Every structure is written in C-alpha cells, then in structure tokens.
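Peer 1:
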Amino acid sequence: MDKTSFIGIILGIIAVGVGMVLKGVSVEALWNIPAILIIILGTVATVVIAFPTNEIKKVPKLFGILFKEKKSHDAKDIILTFSEWADLARKEGLLALEAKTNEVEDPFLKNGLGLAVDGQSADYIRDVLNEEIEAMEERHQTGAAIFTQAGTYAPTLGVLGAVVGLIAALSHMDNTEALGEAISAAFVATLLGIFTGYVLWHPFANKLKRKSKQEVKVKFMMIEGILSIIEGEAPRIIEQKLASYLPASERKSILDEGVNADEAA
Numbered sequence: 001m002d003k004t005s006f007i008g009i010i011l012g013i014i015a016v017g018v019g020m021v022l023k024g025v026s027v028e029a030l031w032n033i034p035a036i037l038i039i040i041l042g043t044v045a046t047v048v049i050a051f052p053t054n055e056i057k058k059v060p061k062l063f064g065i066l067f068k069e070k071k072s073h074d075a076k077d078i079i080l081t082f083s084e085w086a087d088l089a090r091k092e093g094l095l096a097l098e099a100k101t102n103e104v105e106d107p108f109l110k111n112g113l114g115l116a117v118d119g120q121s122a123d124y125i126r127d128v129l130n131e132e133i134e135a136m137e138e139r140h141q142t143g144a145a146i147f148t149q150a151g152t153y154a155p156t157l158g159v160l161g162a163v164v165g166l167i168a169a170l171s172h173m174d175n176t177e178a179l180g181e182a183i184s185a186a187f188v189a190t191l192l193g194i195f196t197g198y199v200l201w202h203p204f205a206n207k208l209k210r211k212s213k214q215e216v217k218v219k220f221m222m223i224e225g226i227l228s229i230i231e232g233e234a235p236r237i238i239e240q241k242l243a244s245y246l247p248a249s250e251r252k253s254i255l256d257e258g259v260n261a262d263e264a265a
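Structure, rendered in structure tokens:
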C-alpha cells in the first residue's frame, strides 16, 4: 500500500473541511447533488471523450499503481548483484550466467541477461532494451496524461457549475434569503472543481510520472550493468559506474561495502 497517497488525500480533505468550518461554512453545504454531478460526472465525460477506449480501460490499473506500493528493485541490491555476476563471468565466462537467468524474476533484466548469454553484441542489446524502455515510458505518459487532463477540466467545469447555479439564483430575485442560499450553493461547484483538480487529479498525474522516472532509472542501471559485464569490466569498476545513479550519501555506502568485501576476500 502506498501510504503517501492515502495520507495526502486525508490531509487535503481535513485542510478544506476544517478551513471551511473555521470560516463559518457548514460542511453540509458540500452535499450539493447538482454540483457533484457537474464536476465528477462531467470530468469523467471529458476524459472519456479525450482518450480512446483502450487507454480509458487502463484507468482502474492506474489507481492500483497510485494506491499500491509496487515491489521495486533496491538500487544497492542491483549494484551488488551485478558485481557478483561480473566476478562470476570473469572467472567462468558469460555462459556461467545462464543459470542465473532462471533465477531472475524481472522480465526486463531476464531478457537483457539472456541476450548477453546468447552472445548478442552490446549495441544490439542496448538498442533492444532502450526500445523497451521507450515503449514503457510512452505507456506511463499516457496514464499520467489522463489525470493531467482531468485536473485541467475539473476547475473549468467548476466555473460552469457556478454559472448554472447563478442562473438558477436569478429566479429568486424577489426573495433575498433564497437568493443568498442559491448563490452560496452555486459556488460549491467551483470549490469541488478546484479541489478535485488540484488536490487529486494533478497530484495523481505527478505521482505516476515520478514512479515512472524511478522505474526508468533502475532499468538504465540494469542496461549499464549488463553491458559492463559483456565488456569484461572488473566488479569494482561496475560498482563505481552504477553507483553514479545514486545520491552521494548512498553512493559512498555502496563503495565502502565494496571495499570491505574486497578486503575480506
């Protein structure tokens, strides 16, 4: 479970709800069926119009990505794994890694390692794996674009809802009390549009983009590791190369672990 998604939504609701109460607004005022229909159903309608069916079908899966913590590769583990594989390849040859291929669960890494064991050239392996990354990025960008568009449409629909509410309010010009209530209700749509757009949809899109970048970084590390093994680089050199993908603090700990391992050997 991705706790930050749940925590963020809860904090957003609390911030708006408590803020409304402190401003003297009743939270019950948000229960405005027409406004909810215009914002929620209207946003869904605009997104459905904007994207083809095959992309809309993936929306439930996108919510799963947002609220589930996908088991990801630890960068340190990847570096140490490639260091071990490089040591094995230098001692026994690339074919010795064939047994390791069966132990790998990640399809991307399994494919790359398999190409290396099969004797494919470094350029060919890089091209194949880079194309796979590009295809993955395109899929991820499409998913993020759906929420970005929802975040763009929702506030505008909020304005539309307010206009509709004000039109209705004009019918109460002879009743000051009813006119005030109608105007108040009219702006609920604007509030809901802005809230869903900038507290939900845009942040969702940003989270998908960030998760995509993290996954891409890990895959580029895998490519560099596989190519380094093919070129026969020493385990220590591979550790230093792959550690460049990490923050300075983590990089130092990885290199220190490598030094300690060398000394123990």
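Using full-length UniProt numbering, read the sequence shown as starting at 1 and increasing by one per residue.
Glycine is no exception: its CB is placed at the ideal position from the N, C-alpha and C atoms.
Bear in mind that the values here come from a model prediction, so they are computed numbers and not experimental data.
1. Check for me: the alpha helix (DSSP H) holding residue 120 runs from which residue to which?
2. In its own chain, which residues sit with a C-beta less than 7 Å from the C-beta of residue 261, not counting the 5 before and 5 after it?
3. Between the region 233-252 and the region 172-191, are three or more C-beta pairs nearer than 8 Å?
4. Would residue 88 and residue 101 be called neighbours here (beta carbons separated by less than 8 Å)?
5. Determine the burial state of residue 18: buried for a count of at least 16 other Cβ atoms within 10 Å of its Cβ, exposed for fewer.
6. If you draw a straight line from the alpha carbon of residue 41 to that of residue 54, how long is it in whole angstroms?
7. Does DSSP put residue 246 in a helix, in a strand, or in coil?
8. Nearest by alpha-carbon distance to residue 69: which of 134, 118, 212 is it?
9. With a Cβ-Cβ cutoff of 8 Å, do residue 189 and residue 158 count as a contact?
10. Let me see if you follow: with CB-CB separation under 8 Å, is residue 23 close to chain C or not?
11. Would you kindly check if the distance between the Cβ of residue 224 and the Cβ of residue 241 is under 8 Å?
12. Quick one: grab the DSSP three-state call for residue 58.
13. Assuming residue 143 contacts residue 200 (C-beta within less than 8 Å), just tell me the rounded distance between them.
14. Rounding to the nearest angstrom, what Cα-Cα distance links residue 229 and residue 220 in this structure?
Peer 2: Considering the structure as presented:
1. Here residue 120 is taken as the residue at index 120 of the sequence shown, counted from 1. Neither: residue 120 is in no alpha helix (DSSP H) and is coded neither H nor E.
2. Position 261 of the sequence shown, counting from 1, holds the residue named residue 261. A caution first: residue 261 carries a pLDDT of 47, below 50, which makes its placement in the model too unreliable to give a value.
3. Taking 8 Å as the limit for Cβ pairs, the verdict is that the region 172-191 does not touch the region 233-252.
4. As a first step, residue 88 must be located in the sequence shown, where it is residue number 88. As a first step, residue 101 must be located in the sequence shown, where it is residue number 101. No. Outside cutoff.
5. Along the sequence shown, one-based indexing puts residue 18 at 18. Flag for residue 18 reads exposed.
6. For this step, residue 41 is matched to residue 41 along the sequence shown. For this step, residue 54 is matched to residue 54 along the sequence shown. In a straight line, the C-alpha of residue 41 is about 20 Å away from that of residue 54.
7. Here residue 246 corresponds to residue number 246 of the sequence shown, with the count starting at 1. Residue 246 carries a coil assignment under DSSP once its states are collapsed to helix, strand and coil.
8. Position 69 of the sequence shown, counted from the first residue, corresponds to residue 69. Nearest option by C-alpha distance: 212.
9. The sequence position of residue 189 within the sequence shown is 189, counting from 1. The sequence position of residue 158 within the sequence shown is 158, counting from 1. Cβ atoms of residue 189 and residue 158: closer than 8 Å.
10. Of the protein chains in this structure there is only one, and it is not chain C.
11. Within the sequence shown, the letter at position 241 stands for residue 241. Within the sequence shown, the letter at position 224 stands for residue 224. Result yes, Cβ atoms of residue 241 and residue 224 sit closer than 8 Å.
12. The sequence position of residue 58 within the sequence shown is 58, counting from 1. Looking at residue 58 - three-state DSSP - the assignment turns out to be coil, as it is neither helix nor strand.
13. Within the sequence shown, the letter at position 143 stands for residue 143. Within the sequence shown, the letter at position 200 stands for residue 200. Residue 143 to residue 200, Cβ: 15 Å. No contact.
14. On the sequence shown, position 229 is the one that residue 229 refers to. On the sequence shown, position 220 is the one that residue 220 refers to. Looking at the two C-alpha atoms, the distance is approximately 14 Å.
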